[in-house]
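First the structure, in the form of structure tokens, and then the observations on it.
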Amino acid sequence: MSAPSTLPLEEQIAQWRGYLRRRRAIEGQDVQELEGHLRDQMAALTTAGLAGDEAFLVAVKRMGSLDALSREFAREHSERLWKQLVIGDAGTSESTSPLARTEARIVFALALAAAAAVKVPELFGKHIVNGDMAFYNRNASFFVLPWLVVYFAWKRGLTAATCAALAASFALAAAFANVYPFVRGGSTQNLTALHLPIALWLVAGIAYTGGQWFAGSGRMNFVRFSGELVIYYVLIGLGGGVLTGFTVMMFQAIGVKVDWFVGGWLVPCGAAGAVIIASWLVEAKQSVIENMAPVLTRLFTPLFTLILLAFLGTMAWTGNAIDIKREVLISFDLLLVAVVGLVLYAVSARDPQAPPNFFDTLQLLLVVSALAVDALALAAIASRISEFGFTPNRVAALGENIILLVNLLWSAWVYVQFLRSAKPFAALERWQTNYLPIYSAWASIVVIVFPPLFHFL
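For the sequence shown, counting from 1, position 422 maps to 649 in my numbering; every step adds exactly one.
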């Protein structure tokens with residue numbers, strides 16, 4: 228038998244506790260109760276003469292008979308000792324079970340459906356290559372998200388009433404995206420294309436949580452899913468980029484042009500289907516990314532903090548103001564969204580029962596830096612509006628920056644209170660998850676209200 232793990236005992240327990248927290252069916256109170264059972268088992272075993280590490284491993288084995296998630300934890304932390312003590316003859320692998328095979332077939336069918344949906348408009352004269360890209364930009368969500376919702380509806384067993392409500396949401400959104408008489412190349416059309424996926428992502432979130440958006444930890448689990456989906460999608464996209472490059476290179480070598488296939492089929496259809504595949508991978512291979520995502524968060528948090536501080540320092544040194552153009556507005560909004568995303572995902576990956584540490588202080592510094600950048604951007608936008616008047620882009624940027632400012636302000640306050648031990652970390656979790664519908668609500672306003680308000684320009 229291999230040697231016991233060299234991790235400190237409390238760290239092993241914290242790892243086990245954190246794993247349980249990330250399961251959808253386990254609430255915070257349940258985790259505390261299970262931890263109490265675990266510690267009782269360990270106390271009895273240490274009294275019988277086992278060392279602390281040995282008692283922990285055997286207790287997890289015994290907990291496996293009480294709770295399947297403990298057994299799953301041991302299986303996925305697959306050091307040889309875990310395998311010997313806990314898995315034993317675990318029987319049929321979950322990945323080869325009939326249910327897993329059925330799920331794989333459904334997922335690949337839905338991915339093919341999403342890929343095919345991209346080509347359906349061509350039957351009505353809407354071509355991707357050298358065609359009406361504005362139409363495809365506005366409707367990109369409808370090629371993918373309905374199929375993702377179908378997957379969640381099947382996996383979560385949604386009721387017919389919930390499915391009907393979700394379908395009605397997509398139908399209503401499609402009407403706003405396609406019935407409005409947008410001016411070709413107008414700002415409101417571009418804003419609709421940018422904001423419609425944000426509004427509809429909440430619909431996907433409702434399906435993901437089994438229709439129980441306001442119950443338990445479903446919203447935080449959806450946050451984790453969203454972050455993990457991005458990681459998988461980027462990895463698939465990188466692989467797809469390599470495949471595309473080799474495809475073009477090989478056919479060019481024999482004098483055959485395949486631009487029509489790459490631009491009209493491979494890239495758009497692959498991008499649509501990859502969303503479904505990536506979502507399935509998040510569900511099926513959750514433990515892999517649960518270990519990777521916190522590492523990426525800890526890597527990029529200090530990098531983003533340094534970039535923001537360098538920007539603020541350079542701006543103060545040179546005295547140069549922010550040049551507010553449409554592209555600059557979008558870039559700053561994306562930067563702030565990335566910061567909020569880092570904070571949100573760091574919150575979702577953290578054990579709320581752990582005491583404050585250096586990384587929490589670094590998170591606070593990131594939030595404060597982003598607050599300063601957001602305030603400068605807001606001042607520049609307000610100056611631009613007072614000088615040149617309101618435009619769809621400026622009003623959209625103003626609203627988004629105000630929404631992000633409120634989030635960052637309260638996040639900074641709660642972080643300070645947590646670092647002073649005046650508030651539990653759960654307060655920050657509640658704030659972030661309760662704030663999620665605000666983003667979708669603002670995106671819906673931009674999609675529904677802005678076009679007629681600005682005469683579809």
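All C-beta atoms, glycine included, are put in the ideal place defined by N, C-alpha and C.
On a predicted model such as this, the values are computed, not experimentally measured, just so you know.
*If you run the structure through DSSP and keep just helix, strand and coil, what is Arg411?*
Indexing the sequence shown from 1 puts residue 411 at position 184. Taken through DSSP and simplified to helix, strand or coil, Arg411 comes out as coil.
*Are the beta-carbon atoms of Phe615 and Leu418 separated by less than 8 Å?*
Taking the first residue of the sequence shown as 1, we reach residue 615 at position 388. Taking the first residue of the sequence shown as 1, we reach residue 418 at position 191. No, these two residues do not count as a Cβ contact at 8 Å.
_For Phe362 and Lys353, what's the separation of their Cα atoms in angstroms?_
The residue you call residue 362 lines up with position 135 of the sequence shown. The residue you call residue 353 lines up with position 126 of the sequence shown. One C-alpha to the other measures close to 8 Å.
*C-alpha gap between Ile504 and Arg328, whole angstroms*: Reading the sequence shown from its first residue, position 277 is the one you call residue 504. Reading the sequence shown from its first residue, position 101 is the one you call residue 328. Spanning the two alpha carbons is a distance of roughly 14 Å.
_If I measure Cβ to Cβ from Tyr407 and keep anything under 7 Å in the same chain, skipping five residues before and after, which residues do I get?_
Position 180 of the sequence shown, counting from 1, holds the residue named residue 407. Excluding sequence neighbours, Tyr407 sits near Pro678, Phe683.
*What distance in whole Å lies between the Cβ atoms of Phe397 and Val430, which are believed to be in contact at a cut-off of 8 Å?*
Within the sequence shown, residue 430 is the residue found at index 203, counting from 1. Within the sequence shown, residue 397 is the residue found at index 170, counting from 1. Their Cβ separation, rounded to whole angstroms, is 7 Å, which keeps Val430 and Phe397 in contact under 8 Å.
*asked:* If you measure between the beta carbons of Gln659 and Leu571, is that distance less than 8 Å?
replied: For the purposes of this step, residue 659 is taken as residue 432 along the sequence shown, with counting starting at 1. For the purposes of this step, residue 571 is taken as residue 344 along the sequence shown, with counting starting at 1. Yes. Within cutoff.
*Could you check which residue in Asn547, Pro664, Ala367, Ala341 has the C-alpha nearest to that of Pro424?*
Counted from its first residue, the sequence shown places residue 424 at position 197. Of the listed residues, the one whose Cα sits closest to Pro424 is Ala367.
*Using the rule of at least 16 other Cβ atoms within 10 Å of the residue's Cβ for burial, across every protein chain shown, is Trp696 buried or exposed?*
The structure shown does not extend to residue 696, since the chain spans only 228 to 684, so no value can be given for it.
*Asp267: buried (16+ other C-beta within 10 angstroms of its C-beta) or exposed?*
Sequence index remark: in the sequence shown, residue 267 carries index 40 (1-based). Result: exposed.
*When DSSP labels each residue in this structure, what does Ala317 get in the three-state scheme?*
Indexing the sequence shown from 1 puts residue 317 at position 90. Legend: pLDDT at Ala317 = 45, less than 50; position of this residue unreliable, value from coordinates given subsequently. The answer is coil: DSSP assigns Ala317 none of H, G, I, E or B.
*To the nearest whole angstrom, what separates the beta carbons of Phe538 and Leu569, a pair I think is in contact under 8 Å?*
Locating residue 538 in the sequence shown gives position 311, counting from the first residue. Locating residue 569 in the sequence shown gives position 342, counting from the first residue. Contact flag wrong, Cβ pair sits at about 16 Å.
*asked:* Once DSSP output is grouped into helix, strand and coil, what is the label at Val485?
replied: For the purposes of this step, residue 485 is taken as residue 258 along the sequence shown, with counting starting at 1. Residue state, collapsed to three classes: coil.
*Local Cβ density within 10 Å of Thr415, reported as buried at 16 or more and exposed below that*: Within the sequence shown, numbered from 1, the residue matching residue 415 stands at position 188. Buried: at least 16 other Cβ atoms inside 10 Å.
*Mind checking Gly412: buried by the 16 CB within 10 Å criterion, or exposed?*
As a working note, residue 412 is residue 185 in the sequence shown. By the neighbour-count criterion, in which a residue is buried when 16 or more other Cβ atoms sit within 10 angstroms of its Cβ, Gly412 is exposed.
*Top-ranked residue by Cα proximity to Gly600, from Pro582, Asn620, Arg577, Val566*: Translated into positions along the sequence shown, residue 600 becomes position 373. Reading the sequence as shown, one finds Val at residue 600 and not Gly. Val600 has its Cα closest to that of Val566, out of Pro582, Asn620, Arg577, Val566.
*Alpha carbon to alpha carbon, how far is Ala404 from Leu465? Give it in angstroms, no decimals.*
As a first step, residue 465 is located in the sequence shown; it is residue number 238 there, counting from the start. As a first step, residue 404 is located in the sequence shown; it is residue number 177 there, counting from the start. So the alpha carbons of these two residues sit roughly 30 Å apart.
*What residue does the alpha helix (DSSP H) around Val406 start on, and which one ends it?*
The residue you call residue 406 lines up with position 179 of the sequence shown. Run containing Val406: 387-406, per the alpha helix (DSSP H) assignment.
*asked:* Quick check on DSSP: helix, strand or coil for His686?
replied: Lying before the first or after the last residue shown, residue 686 is absent from the chain, which here runs from 228 to 684.
*asked:* Which of the three DSSP states is assigned to Leu593 in this structure?
replied: Indexing the sequence shown from 1 puts residue 593 at position 366. Helix at Leu593.
*Is Lys650 helix, strand or coil when you go by DSSP?*
Start at 1 with the first residue of the sequence shown, and residue 650 comes out as number 423. In the displayed model, Lys650 falls within coil according to three-state DSSP, outside both helix and strand.
*asked:* Quick check on the DSSP output: the alpha helix (DSSP H) that includes Asn448 runs from which residue to which?
replied: Here residue 448 is taken as the residue at index 221 of the sequence shown, counted from 1. Unbroken alpha helix (DSSP H) run through Asn448: 445-480.
*Are Leu272 and Val285 close, meaning C-beta to C-beta below 8 Å?*
For the purposes of this step, residue 272 is identified with residue 45 of the sequence shown, where counting begins at 1. For the purposes of this step, residue 285 is identified with residue 58 of the sequence shown, where counting begins at 1. Their beta carbons are under 8 Å apart, which means Leu272 touches Val285 by this criterion.
*For the alpha helix (DSSP H) that Lys382 lies in, which residues bound it at each end?*
For the purposes of this step, residue 382 is taken as residue 155 along the sequence shown, with counting starting at 1. 360-383 is the span of the alpha helix (DSSP H), which, as asked, contains Lys382.
*Thr541 - DSSP class collapsed to helix/strand/coil*: In the sequence shown, the residue the question calls residue 541 occupies position 314. Helix.
_Buried or exposed, going by whether 16 or more other CB atoms sit within 10 Å of the CB of Trp544?_
Here residue 544 corresponds to residue number 317 of the sequence shown, with the count starting at 1. It counts as exposed.
*Going by beta carbon distance, what residues of the same chain come within less than 7 Å of Thr532, once the five residues before and after it are set aside?*
Taking the first residue of the sequence shown as 1, we reach residue 532 at position 305. The beta carbon of Thr532 sits closer than 7 Å to those of Leu589, Leu592, Leu593, Ser596, all from its chain and outside the five residues before and after it, given in chain order.
_Nearest-angstrom beta carbon gap, Ala426 and Ser671 [assumed within contact, 8 Å]_ = Counting from 1 along the sequence shown, the entry for residue 671 is found at position 444. Counting from 1 along the sequence shown, the entry for residue 426 is found at position 199. Right, the Cβ-Cβ distance comes to about 5 Å (below 8 Å), so this counts as a contact.
*Quick one: using the 10 Å Cβ neighbour count with 16 as the cut-off for buried, is Gly540 buried or exposed?*
On the sequence shown, residue 540 is found 313 positions in, with the first residue counted as 1. With fewer than 16 other Cβ atoms within 10 Å, it is exposed.
*The alpha helix (DSSP H) enclosing Ile333, as first and last residue numbers*: In the sequence shown, the residue the question calls residue 333 occupies position 106. Taken as a continuous stretch (DSSP letters only), the alpha helix (DSSP H) holding Ile333 covers 325-346.
*Residue nearest to Gly263 in terms of C-alpha spacing, selected from Phe283, Thr274, Gly276, Leu277*: Here residue 263 refers to the residue found at position 36 when the sequence shown is read from its first residue. Of the candidates Phe283, Thr274, Gly276, Leu277, the one whose C-alpha sits nearest the C-alpha of Gly263 is Phe283.
_I'd like to check one pair, Ala241 with Ala581: are the Cβ atoms closer than 8 Å?_
Reading the sequence shown from its first residue, position 354 is the one you call residue 581. Reading the sequence shown from its first residue, position 14 is the one you call residue 241. A contact, by the Cβ cut-off of 8 Å.
*Helix, strand or coil: how does DSSP classify Phe586 here?*
Reading the sequence shown from its first residue, position 359 is the one you call residue 586. Three-state result, Phe586: helix.
*Hey, would you say Phe370 sits closer than 8 Å to Ala344, going by beta carbons?*
Residue 370 sits at position 143 when you count from the first residue of the sequence shown. Residue 344 sits at position 117 when you count from the first residue of the sequence shown. Going by beta carbons, Phe370 and Ala344 fall inside the 8 Å limit.
*asked:* Just to check my reading of the structure: Pro579 and Ala624 have Cβ atoms closer than 8 Å, yes? What is that Cβ distance to the nearest angstrom?
replied: In the sequence shown, residue 579 corresponds to position 352, counting from 1. In the sequence shown, residue 624 corresponds to position 397, counting from 1. No, Pro579 and Ala624 are not in contact; Cβ-Cβ is about 34 Å, not under 8 Å.
_To the nearest angstrom, how far is the alpha carbon of Val377 from that of Ile333?_
Within the sequence shown, residue 377 is the residue found at index 150, counting from 1. Within the sequence shown, residue 333 is the residue found at index 106, counting from 1. Rounded to the nearest angstrom, the two C-alpha atoms are 10 Å apart.
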